[in-house]
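J.: Chains A and B, in that order, give the protein sequences. Remember, this note's numbering sits 6 above the position in the first sequence when you count from 1. Remember, this note's numbering sits 6 above the position in the second sequence when you count from 1.
2 protein chains.
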Amino acid sequence: MHLAFLRDYHEALVLTLARTRPTIERGTVAEVTGLTPQAVSKVIARLLEEGLIAPAGVRRAAMGKPAAVYQLVPGSRWAIGAHVTRRALRLALTDLAGTVRASATTALPPDFTPDQLLSELSAGVTALLAPPDSGGSPRHLAGVGIGMIGPLDQATGTVRDAHRLRHWHDIPLADLATERLGLPVHVDKDVTAAVTAEAWRRGAGFRDAALIMVESGVGAGLWLGGTAHRGAHTNAGEFGHTVVQLDGPPCVCGRRGCLEAVHDRAGDPAAAAAVLGVGVVNLLQTLDLEHIVLAGADLLEHGDVYRRTVEHAVRTQVPRADWLSVEVTLAGLGTDTIAAGAAMQVLNARYGVPDPAGR
Amino acid sequence: MHLAFLRDYHEALVLTLARTRPTIERGTVAEVTGLTPQAVSKVIARLLEEGLIAPAGVRRAAMGKPAAVYQLVPGSRWAIGAHVTRRALRLALTDLAGTVRASATTALPPDFTPDQLLSELSAGVTALLAPPDSGGSPRHLAGVGIGMIGPLDQATGTVRDAHRLRHWHDIPLADLATERLGLPVHVDKDVTAAVTAEAWRRGAGFRDAALIMVESGVGAGLWLGGTAHRGAHTNAGEFGHTVVQLDGPPCVCGRRGCLEAVHDRAGDPAAAAAVLGVGVVNLLQTLDLEHIVLAGADLLEHGDVYRRTVEHAVRTQVPRADWLSVEVTLAGLGTDTIAAGAAMQVLNARYGVPDPAGR
DNA sequence: GGACTTTAGCAACGCTGTTGCGTTAGTTGT
DNA sequence: ACAACTAACGCAACAGCGTTGCTAAAGTCC
Chain A
7 MHLAFLRDYH EALVLTLART RPTIERGTVA EVTGLTPQAV SKVIARLLEE GLIAPAGVRR
67 AAMGKPAAVY QLVPGSRWAI GAHVTRRALR LALTDLAGTV RASATTALPP DFTPDQLLSE
127 LSAGVTALLA PPDSGGSPRH LAGVGIGMIG PLDQATGTVR DAHRLRHWHD IPLADLATER
187 LGLPVHVDKD VTAAVTAEAW RRGAGFRDAA LIMVESGVGA GLWLGGTAHR GAHTNAGEFG
247 HTVVQLDGPP CVCGRRGCLE AVHDRAGDPA AAAAVLGVGV VNLLQTLDLE HIVLAGADLL
307 EHGDVYRRTV EHAVRTQVPR ADWLSVEVTL AGLGTDTIAA GAAMQVLNAR YGVPDPAGR
Chain B
7 MHLAFLRDYH EALVLTLART RPTIERGTVA EVTGLTPQAV SKVIARLLEE GLIAPAGVRR
67 AAMGKPAAVY QLVPGSRWAI GAHVTRRALR LALTDLAGTV RASATTALPP DFTPDQLLSE
127 LSAGVTALLA PPDSGGSPRH LAGVGIGMIG PLDQATGTVR DAHRLRHWHD IPLADLATER
187 LGLPVHVDKD VTAAVTAEAW RRGAGFRDAA LIMVESGVGA GLWLGGTAHR GAHTNAGEFG
247 HTVVQLDGPP CVCGRRGCLE AVHDRAGDPA AAAAVLGVGV VNLLQTLDLE HIVLAGADLL
307 EHGDVYRRTV EHAVRTQVPR ADWLSVEVTL AGLGTDTIAA GAAMQVLNAR YGVPDPAGR
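1) Run down chain A in chain order and give the residues with a C-beta less than 7 Å from the C-beta of residue 242 (chain B).
2) Tell me which same chain residues have a C-beta within less than 6 Å of the C-beta of residue 332 (chain A), skipping the five on either side of it?
3) Taking contact to mean 3 or more Cβ pairs, one atom from each stretch, closer than 8 Å, check whether the stretch 339–356 of chain A and the stretch 40–51 of chain B are in contact.
4) State the Cα-Cα distance for the pair residue 75 (chain A) and residue 20 (chain A), rounded to the nearest angstrom.
5) Which of helix, strand or coil does DSSP assign to residue 350 (chain A)?
6) Can you tell me which of B:184, B:81 and B:322 puts its alpha carbon nearest to the alpha carbon of residue 284 (chain B)?
7) Compare the C-beta of residue 354 (chain A) against all C-beta atoms of chain B and say whether one is closer than 8 Å.
8) Does any CB atom of chain B fall closer than 8 Å to the CB of residue 35 (chain A)?
9) Under 7 Å Cβ to Cβ from residue 15 (chain B), same chain only, skipping five residues before and after it: list those, please.
10) Just tell me which of A:241, A:308 and A:318 has its CA closest to the CA of residue 288 (chain B).
11) Using a cut-off of 8 Å between C-beta atoms, extract the partners of residue 122 (chain A) located in chain B.
12) Determine the direct distance from the alpha carbon of residue 346 (chain B) to that of residue 107 (chain B), and round the result to whole angstroms.
13) Cβ atoms of residue 224 (chain A) and residue 250 (chain A): under 8 Å apart, would you say?
14) Please state if the CB of residue 161 (chain B) and the CB of residue 134 (chain B) are separated by a distance shorter than 8 Å.
15) Return no unless some Cβ of chain A is closer than 8 Å to the Cβ of residue 233 (chain B).
16) Is the Cβ-Cβ distance between residue 356 (chain B) and residue 148 (chain B) less than 8 Å?
17) Does the beta carbon of residue 111 (chain A) sit closer than 8 Å to a beta carbon anywhere in chain B?
18) Does residue 122 (chain A) come out as helix, strand or coil in the three-state DSSP assignment?
19) Return the residue from the list B:166, B:335 and B:315 that minimises the CA-CA distance to residue 300 (chain B).
20) Does DSSP put residue 275 (chain A) in a helix, in a strand, or in coil?
21) Among the residues of its own chain, which have a CB less than 6 Å from the CB of residue 190 (chain A), if the five just before and after it don't count?
22) Quick one: which chain A residues come within Cβ less than 7 Å of residue 116 (chain B)?
23) How many angstroms separate the CA atom of residue 230 (chain A) from the CA atom of residue 121 (chain B)?
24) Does residue 15 (chain A) get closer than 8 Å to chain B when you measure Cβ to Cβ?
25) Give the residues of chain B in contact with residue 157 (chain A), contact being defined as C-beta atoms less than 7 Å apart.
26) For residue 188 (chain B), which option in B:348, B:127, B:272 and B:65 has the closest C-alpha, if you only look at C-alpha atoms?
27) Would you list, in chain order, the members of the stretch 202–227 of chain B that have their beta-carbon closer than 8 Å to a beta-carbon of chain A?
28) Return the residue from the list B:302, B:246, B:119 and B:307 that minimises the CA-CA distance to residue 274 (chain B).
29) Could you check what DSSP says for residue 81 (chain A) in three-state terms: helix, strand or coil?
30) Can you name the residues of chain B whose CB is closer than 7 Å to the CB of residue 362 (chain A)?
31) Looking only at its own chain, which residues have a Cβ that is under 8 Å from the Cβ of residue 166 (chain B), when we skip the five neighbours before and after it?
32) What in chain B is Cβ-close to residue 171 (chain A), meaning under 8 Å?
33) Kindly list the residues whose CB is nearer than 6 Å to the CB of residue 24 (chain B), restricted to its own chain and excluding five residues on each side of it in sequence; keep chain order.
34) Using DSSP bridges, identify the partner residues of residue 65 (chain B).
35) Taking the alpha-carbon positions, what's the residue 235 (chain B) to residue 100 (chain A) distance?
36) So, helix, strand or coil for residue 331 (chain A), using DSSP?
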């Protein structure tokens with residue numbers, strides 16, 4: 007029965023509005039979504055039933071019956087995200103609104119095995135769920151998201167061949183973690199998780215965007231047409247290995263003149279940012295994006311320099327910049343972006359607007 | 007009532023199969039789409055009613071009742087596509103299968119006005135519909151598609167500022183043409199129309215792809231996640247104006263080292279193709295595509311050289327090329343690609359798999 | 001010719017959003 | 001005070017989608 011898709015779709019539509027706006031009411035939701043007021047009533051009733059939204063008083067207009075106002079209950083659902091790097095595991099507990107409520111970092115052994123990661127992950131998750139001081143423990147945990155370095159296969163949750171980690175070849179991480187934790191697990195590339203963090207928090211206006219990450223490499227998380235773009239083999243976003251200088255300096259990937267190689271050799275942050283700016287303009291020319299989000303530990307160390315330099319490049323180097331509105335911002339969650347984004351991927355899979363094909 | 011979306015969605019799903027495969031039958035359609043056989047029966051009944059498919063005998067298996075076989079009726083629906091360049095108007099009459107049944111080219115006056123184009127278009131459309139020899143004239147014309155050089159706004163069908171055409175500033179071309187022709191009109195960028203031609207003819211397996219066009223400039227039409235990617239301002243695909251050589255030769259766009267500038271200065275076709283190959287590899291690194299289609303009059307003049315050179319670049323320059331399967335082909339419709347693709351955009355809007363958001 | 005296998009179709013059903021209309025909770029005017 | 005008006009709300013009947021359960025049809029095999 008595919009009627010369930012319609013229900014979930016409209017429910018997610020209204021919930022997205024509730025997340026994005028301070029409050030919602032029947033009339034405005036009906037206008038924005040195109041649903042009839044009666045249909046919105048039914049959707050709101052279901053969302054109230056699930057505890058996702060709650061009444062928030064009434065709005066008195068000049069005349070007529072006051073409208074009932076509702077708002078999101080951020081604490082009604084939770085998710086935990088994990089950011090796996092070569093040396094550490096960072097966890098973030100996130101509520102339905104995408105706010106980070108707690109986070110923790112633990113070291114990982116050098117050249118750690120899948121089993122070692124799972125142990126740390128399991129311990130970290132239980133620690134986050136039983137906070138030492140806070141009284142009310144989260145009830146509805148939607149699942150756990152894991153953001154990793156590639157390459158991997160997002161559809162099956164398999165790590166193909168994690169770069170510079172010996173024990174990671176064709177590891178079905180999602181299945182292993184689901185079994186170990188007893189929770190739904192979503193495995194994805196770090197950059198895709200990161201861009202999901204921005205998308206989940208900004209809502210429907212965030213349709214075409216890239217999150218540029220500089221952190222032991224240069225990558226990009228792509229959000230195109232309102233959903234994550236992973237490519238045919240979950241390998242999209244290898245933005246640092248695009249050539250910007252034919253016959254330029256050699257890169258670790260074997261080619262010459264890659265953006266990453268030129269960027270890393272620039273010397274000072276301003277020069278590096280200018281190189282990145284060229285890459286960002288290339289991306290804009292190719293994809294016509296509306297939002298550029300800058301992230302990654304190495305970048306955020308000189309966040310302001312990068313933001314100003316990239317914004318200047320966008321303003322001056324993109325032809326017809328007058329009507330090609332582009333917004334350049336720093337990642338709102340800073341160094342928590344990947345871990346929190348991984349959590350939000352779980353929320354997005356369960357409470358986001360679904361795709362009819364089920365992807 | 008949004009139930010209509012479900013109906014159209016499933017109908018389009020089955021029709022896509024009918025287009026892509028030689029024949030369809032209830033059982034296999036049910037398997038592929040996930041619908042129940044009973045639901046497929048209802049969908050097939052509707053498609054028969056509309057004349058889009060027709061019975062094509064039965065398939066006798068080793069045992070049991072033979073299965074009823076159906077196939078597409080290509081001539082049941084038609085569309086006309088127009089390719090507008092600075093000097094000529096090329097038209098193509100296309101059937102539901104995406105086969106070009108007739109085409110024509112007429113010259114356009116230098117620096118033509120919108121009204122001059124509409125006159126030529128109107129005359130050309132009526133000429134194509136009343137063929138001198140063929141007896142049966144097409145009945146069901148779904149509409150007319152127009153593929154143009156940008157920049158334009160696809161959502162409203164407005165030409166913002168056609169490059170090097172003086173009379174084309176903020177022209178609501180779709181509205182004007184709809185009024186003049188009395189038919190639905192779809193206006194889009196030439197490269198997007200071109201990639202739609204490939205997508206319509208190849209079906210569901212064509213999910214992440216780029217059509218690279220070399221024809222008075224270098225551009226790319228993007229097909230991502232199963233739909234056209236136009237970007238936030240219908241300006242995606244300005245692939246020729248991505249920098250591949252910092253401080254390289256000056257480009258007409260004002261920057262230096264653009265792919266197009268380097269490509270045009272390469273000298274012989276093989277060297278030019280090698281430059282294009284670097285750009286294609288950049289695109290693959292960024293977007294992880296599965297299909298690269300090469301098109302455009304200037305490229306197809308040396309089609310084989312380009313195809314071999316680009317394929318070689320993809321095989322040798324993409325890291326981990328072993329599992330990143332990429333197919334490099336020449337445009338199946340040759341120089342008709344843009345005009346025919348514009349026609350298929352109309353078919354796709356009416357008979358393609360719809361988007362719940364209505365985009 | 002009967003048993004078996006596979007496909008097809010009829011009819012009742014559950015669930016979605018829609019439609020029509022009456023109810024409720026306010027403000028405004030007398 | 002009380003009626004008139006306004007705007008939001010909700011109940012109930014409804015149309016149309018895919019689903020389910022079952023029966024009929026058209027073949028092959030023994």
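Virtual Cβ for every residue (Gly too), placed ideally from N, Cα, C. Source: prediction; values computed, not measured.
T.: Checking against the coordinates, here is how it stands:
1) 292, 293 and 294
2) 320
3) no
4) 13 Å
5) helix
6) B:322
7) no
8) no
9) 359 and 360
10) A:241
11) Within 8 Å Cβ-Cβ: nothing; residue 122 (chain A) doesn't reach chain B, min ~25 Å.
12) 10 Å
13) no
14) no
15) yes
16) yes
17) no
18) helix
19) B:335
20) helix
21) 149
22) Near residue 116 (chain B) there are no residues of chain A at all, since even the closest Cβ is about 24 Å away, more than 7 Å.
23) 36 Å
24) yes
25) 326
26) B:127
27) 213, 214 and 226
28) B:307
29) helix
30) 15 and 362
31) 156, 157, 158, 159, 175 and 176
32) What residue 171 (chain A) touches in chain B: nothing, since even the nearest Cβ is about 15 Å away.
33) 30, 59 and 78
34) B:73
35) 32 Å
36) coil
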